[in-house]
Amino acid sequence: MESIIQSCREMAYQVYSKFDASHDMQHIDRVLGNAKKISAAEPQADEFIVELGVLLHDIDDPKYLSKGNPTAKDILEVHELDAAVISEILTCIAAVSFSGGNEQELPSIEAAIMRDADRLDAIGAIGIARAFAFGGAKGRKLYDLSEVPRDEMTENEYRKKEVATVTHFYEKLLKIKGLMVTAEGKRLAQERHDFMESFLRQLYHEVD
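Sequential numbering from 1 applies to the sequence shown in full-length UniProt numbering.
Structure below.
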């Protein structure tokens with residue numbers, strides 16, 4: 001199992017090394033760390049499924065799709081895993097995405113752990129750093145005080161319209177705490193959420 005995980009990691013690194021800092025291998029490692037913390041409180045979870053799922057969860061991210069890169073399915077099939085295992089991992093990956101707040105049904109505890117672990121990395125100090133890294137890579141404004149955050153949107157609307165990074169806090173990041181599923185995920189999210197609110201108060205104080 002460890003050899004498969006290491007091989008998948010090496011293949012994933014070749015893809016993530018082309019992404020910006022908001023979705024690079026450091027992000028993957030942080031999500032793995034989060035997943036291990038949550039998994040410790042969910043002993044029934046299959047750690048092999050969780051680890052492979054986390055390693056590959058951004059490979060097929062539509063924000064970074066590029067011809068020539070292997071898909072998560074490609075990477076898993078190279079290792080001749082059982083078809084049922086591959087299907088379970090891909091199903092978990094599909095449930096991780098934030099789609100404008102339109103939550104996908106979680107098929108398993110493994111999917112819940114993966115989604116909570118990934119979302120923890122989107123909030124708090126590191127979430128703030130990632131948000132501005134991604135916004136900078138896309139050439140977005142830091143903030144736009146005239147911009148009204150969208151409260152409800154379709155997945156397509158969420159992905160297509162580019163907003164200032166601070167607006168993104170209201171459209172996604174500040175909603176995450178309330179979307180956590182696992183008990184440990186909820187506990188870990190609270191401190192990070194509080195930090196983001198403090199950051200925004202200071203930001204508005206400085207730009208007023």
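For glycine and all other residues, C-beta sits at the position ideal for the given N, C-alpha and C.
- In its chain, beyond the 5 residues on either side, S39, I109, E110, I113 have a beta carbon closer than 7 Å to the beta carbon of A45.
- A117 sits close to N34, with the two beta carbons spaced by under 8 Å.
- Non-local beta-carbon contacts of V181 in its own chain, meaning distances under 8 Å to residues more than five positions away in sequence, involve L106, A112, R115, D116 in chain order.
- Between C8 and G53, the C-beta gap is not smaller than 8 Å, which leaves the two residues out of contact.
- DSSP, read as helix, strand or coil, puts L32 in helix.
- In this structure, L120 is the residue among L120, K18, Y16 with its C-alpha nearest to the C-alpha of L188.
- Per DSSP, the unbroken alpha helix (DSSP H) holding T91 starts and ends at 83-94.
- Y204: member of the alpha helix (DSSP H) spanning 183-207, first to last residue.
- In this structure, the CA atom of A12 is about 13 Å from the CA atom of G68.
- Nearest to R30 by C-alpha distance, out of I49, T154, G124, is G124.
- Here DSSP, grouped into helix, strand and coil, assigns Y143 to coil.
- The alpha-carbon separation between H79 and E88 amounts to approximately 15 Å.
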